[in-house]
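This report refers to the structure that appears directly beneath it.
Here it is, written out as structure tokens:
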């Protein structure tokens, strides 16, 4: 098990404040096929940690942990099309398209090479799992932070129809004032949930760490719904011979902001595992 790191909160805050200006100034725009995405690259070393934000979030969502990750390896954080300063995409936001753009982006960055440890939050977990399934030789590990599941709508509805109705109503309000790209991405997520689109999630045998919050807000998260949420997450780490599941009741959906040390430790565990495994394979 990962032991929770006891970082000094004052040091944590001071480092984040110190890095804040350089974090935003170091972002650059990269063309991925007629439109540009906002990206920040920092640190050095292998494997490279690649961050995938949740729906409607830009690359700065990871600002609470990026400074710590770059102390021991290289890292990439970016904003998907229509998020942050990234330009609108000229293509519908299918997951195949999003993964293709991410790969184009990574290929365009000097000094950024596989293997990658992909870190996905919320809907970002679908993207990193699909990337790992599509380009399995490029991905050496996954960290899933309170990830969205492709069957969560149907599973929630099966145990609590009222909760599902509230979730769908909240969804409509969220997307009403979002950018065209985010709305299109949301439609792809809905089609996946309704079973109208199927993604081939066939993950390679890599270390997978899943972080789950059982202290969620926004809807009436009953004990039964939380049980379903935890069960869906457990399916991911159980698929790996080197899987791990970290459950917290101290954070909401944004674990990386409420308890950044948990996510930092999870990433460090996977990075160290990959480095050790790589060293063994060379002997």
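In the working numbering, the protein residues as written are 860 to 1142. Even glycine gets a Cβ: it sits at the ideal position worked out from N, Cα and C. Computed from a predicted structure; not experimentally measured.
Secondary structure at residue i, three-state DSSP: helix, strand or coil?
{"i": "residue 980", "result": "strand"}
{"i": "residue 1104", "result": "strand"}
{"i": "residue 868", "result": "For residue 868, the predicted structure reports a pLDDT of 40, less than 50, and the residue's modelled location is therefore unreliable. The matter cannot be settled from this model."}
{"i": "residue 1130", "result": "helix"}
{"i": "residue 975", "result": "strand"}
{"i": "residue 1040", "result": "helix"}
{"i": "residue 985", "result": "helix"}
{"i": "residue 883", "result": "The pLDDT assigned to residue 883 is 47, lower than 50, so where the model puts this residue is not dependable; a value taken from the coordinates is nonetheless given after this. Note: residue 883 maps to helix in three-state DSSP."}
{"i": "residue 1072", "result": "strand"}
{"i": "residue 1093", "result": "helix"}
{"i": "residue 929", "result": "coil"}
DSSP puts residue i in a beta bridge; with which residues?
{"i": "residue 937", "result": "898"}
{"i": "residue 1027", "result": "DSSP lists no partner for residue 1027."}
{"i": "residue 888", "result": "897"}
{"i": "residue 1067", "result": "1001, 1102"}
{"i": "residue 908", "result": "934, 976"}
{"i": "residue 920", "result": "According to DSSP, which records beta bridges pairwise, residue 920 is partnered with nothing at all."}
Please confirm whether residue i and residue j have their CB atoms less than 8 Å apart.
{"i": "residue 935", "j": "residue 900", "result": "yes"}
{"i": "residue 964", "j": "residue 908", "result": "no"}
{"i": "residue 938", "j": "residue 1047", "result": "no"}
Please check the pair residue i and residue j, which I expect to be a contact at CB under 8 Å, by giving their CB distance rounded to whole angstroms.
{"i": "residue 1006", "j": "residue 979", "result": "6 Å"}
{"i": "residue 997", "j": "residue 1015", "result": "Not confirmed; about 33 Å, so no contact."}
{"i": "residue 987", "j": "residue 1066", "result": "Their Cβ separation, rounded to whole angstroms, is 13 Å, which puts residue 987 and residue 1066 out of contact at 8 Å."}
{"i": "residue 911", "j": "residue 977", "result": "7 Å"}
Exercise. Are the region 1026-1039 and the region 1093-1104 touching by the rule of at least three beta carbon pairs closer than 8 Å?
Worked result: no
For this session: For the region 1063-1076 and the region 1114-1133, state whether three or more C-beta atom pairs, one from each stretch, are separated by less than 8 Å.
Result: yes
Exercise. Just checking, does the region 915-929 make contact with the region 1116-1131 on the three C-beta pairs under 8 Å criterion?
Worked result: yes
Problem set entry | Segment contact flag, the region 958-973 with the region 1053-1067, C-beta cutoff 8 Å, min 3 pairs | no
Problem set entry | the region 998-1013 touching the region 937-953, judged by at least three CB pairs closer than 8 Å | no
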